[in-house]
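In the working numbering, the protein residues as written are 528 to 864.
Notes follow the structure.
Here's what the structure looks like:
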């Protein structure tokens, strides 16, 4: 015989509404600890299994959130996904995660797919190319009838809930740190500016050079992807061009630079100073700990989930949260004399 919510409520001597609140959110502060224990014991005793489909029909809610990530192999996004899922679990939401593999034409398809799965809302980190080729994705997002939040990567001239870091400030801090250490020939390895994050980090690099009255040498700017391969390919070219320091648009690029330099018999920071971006956890454990721009991923996840949950509950105000990056200094930068 199937055990129903009413059976649990009767066993615990509480109302059906109280039993529902406790079983849907055991951490709730609305119900006393003693009552929660009774409900949970009754549920366990009766082997109660919630009928999610039935609950969804009654509440018109699936308690499920769609999470779209551009590249789960990128440690930044895998960490972000983990933090978001943890936050959503605390809010009693399950997560359906899908990966676009940095293919911007995939973004609209995945958004439509998740909507067909009846998710209550979405948290979306767009693929990098959506920054410049954004018409279709704007149309798809505008047609959504559920709340969503854009994280990390946003769209130009598009009003939506969004949480992202001040990437221009991050690029500025990375470059200024090298300038303050005496470096003037500073290479920059970035994306091809199809990524919003790469574009603004480069703008920060330019601002720091301009402030220090250092002329821009465009031969020191290299473009690729947010990958180890990109950093690896350009490390030797920049070194042979007289560069004494390199800013990588993310930590993977910086690690690629380090790898190639080590193969060349060079040392960091004695022969080349490097600053990365993202402050991945691994930075504390690698040889020559990487100085990097820290983006508090947990803070980003918190704000994204908070905005989305409140929107699902009926808060209609569109919110934009711009977070401030900081530089985490380790041992990959030396004074240039």
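Virtual Cβ for every residue (Gly too), placed ideally from N, Cα, C.
Practice task
Check whether the stretch 775 to 788 touches the stretch 746 to 756, counting contact only when three or more Cβ pairs, one atom from each stretch, lie closer than 8 Å.
Solution key: yes
Practice task
Tell me, to the nearest whole angstrom, how far the beta carbon of residue 635 is from that of residue 667; I am working on the premise that it is less than 8 Å.
Solution key: 4 Å
Handout entry: Rounded separation between residue 737 and residue 820 - CA only
Key = 20 Å
Exercise for the section: Could you name each continuous alpha helix (DSSP H) segment of 4 residues or more that falls completely within the stretch 715 to 759, going from the start of the chain to the end? Expected result: 723 to 738
Exercise for the section: For residue 641, I'd like the list of residues in its chain whose CB is within less than 8 Å of its CB, leaving aside the five on either flank, ordered along the chain. Expected result: 593, 595, 623, 625 and 649
Practice task
Taking 9 Å as the cut-off, decide whether the C-beta atoms of residue 546 and residue 566 are in contact.
Solution key: yes
Practice task
Count the other CB atoms, across all protein chains shown, that sit within 10 Å of the CB of residue 806; report buried if there are 16 or more and exposed otherwise.
Solution key: buried
Practice task
Could you pull out every residue in the same chain whose Cβ sits closer than 8 Å to the Cβ of residue 617, ignoring the five residues on either side in sequence?
Solution key: 554
Exercise for the section: State the DSSP-derived secondary structure class of residue 589, mapped to helix, strand or coil. Expected result: coil
Problem - Stretch pair the stretch 707 to 717 + the stretch 818 to 836: three plus CB contacts closer than 8 Å - result: no
Problem - Nearest-angstrom Cα separation, counted from residue 572 out to residue 698 - result: 57 Å
Exercise for the section: Drop a sphere of 10 angstroms on the beta-carbon of residue 647, count the other beta-carbons inside from all chains shown, and report buried for 16 or more, exposed for fewer. Expected result: buried
Handout entry: Bridge partner(s) assigned by DSSP for residue 855
Key = 819
Problem - residue 857 vs residue 810 beta-carbon contact at 9 Å - result: yes
Handout entry: Every unbroken beta strand (DSSP E) within the stretch 626 to 664, with a cutoff of 3 residues, ordered by chain
Key = 648 to 651
Problem - Length of the line joining the Cα atoms of residue 765 and residue 863 - result: 17 Å
Problem - Boundaries (first-last residue) of the beta strand (DSSP E) holding residue 605 - result: No beta strand (DSSP E) holds residue 605; the alpha helix (DSSP H) holding it covers 602 to 617.
Problem - Neighbour-count burial assignment, residue 644, 16 or more Cβ in a 10 Å radius - result: exposed
Problem - Residues that residue 803 bridges to, as DSSP identifies them - result: 819
Problem - Check whether residue 769 and residue 701 have beta carbons under 9 Å apart - result: no
Problem - Residues of its chain near residue 692, where Cβ-Cβ distance is below 6 Å and the 5 sequence neighbours each way are ignored - result: 822, 850 and 852
Practice task
Determine which residues share a DSSP beta bridge with residue 763 and list them.
Solution key: Residue 763 is not bridged to any residue.
Exercise for the section: Kindly identify the DSSP beta-bridge partner or partners of residue 621. Expected result: 591
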